[in-house]
Amino acid sequence: MYFPLEVNEQLANAMRAAAEFKVEVEKIIECICIDENGSIVDDREVYEKMSDNICLMMVDIGRSMGVMLTDIALNEVRRVNSNQSNTESHVSK
117 MYFPLEVNEQ
127 LANAMRAAAE
137 FKVEVEKIIE
147 CICIDENGSI
157 VDDREVYEKM
167 SDNICLMMVD
177 IGRSMGVMLT
187 DIALNEVRRV
197 NSNQSNTESH
207 VSK
């Protein structure tokens, strides 16, 4: 059985944006910014928590995409089964 699986464009864009954002946050985590007075400007823990939250967002987006793809696949299965049932009922008559 072959059928196209289309991914929702907005969800795909959201996944790309979240991945790009996570990369930038990870860069911030890797370099703790210090100002000219030697004080730490950025709180590493805040950015680590942000990174974890972005990861959770990505998982949620992926779950939504998976549900949509599964729905497409199941609709195709139902369509094929319906066509086979209709063909069998005409043959038996």
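Using our numbering, the letters of the sequence shown map in sequence onto residues 117 to 209. In this text, a Cβ means the ideal position worked out from N, Cα and C, and glycines have one as well. The structure displayed is predicted, hence computed values, not measured ones.
Cβ neighbour criterion (16 or more within 10 Å) applied to residue i
| i | result |
| --- | --- |
| Ile148 | exposed |
| Val139 | exposed |
Close Cβ partners of residue i (< 8 Å) along its chain, the five nearest in sequence each way excluded
| i | result |
| --- | --- |
| Ile177 | Leu127, Ala130, Met131 and Ala134 |
| Ile188 | Phe119, Leu121 and Glu122 |
Residue i versus residue j: straight-line alpha-carbon distance, rounded
| i | j | result |
| --- | --- | --- |
| Thr203 | Asn191 | 18 Å |
| Asn124 | Met181 | 7 Å |
| Ser201 | Val193 | 12 Å |
| Met174 | Asp159 | 23 Å |
Nonlocal neighbours in the same chain, by C-beta distance under 7 Å from residue i, ignoring five residues either side
| i | result |
| --- | --- |
| Glu142 | Ser167 |
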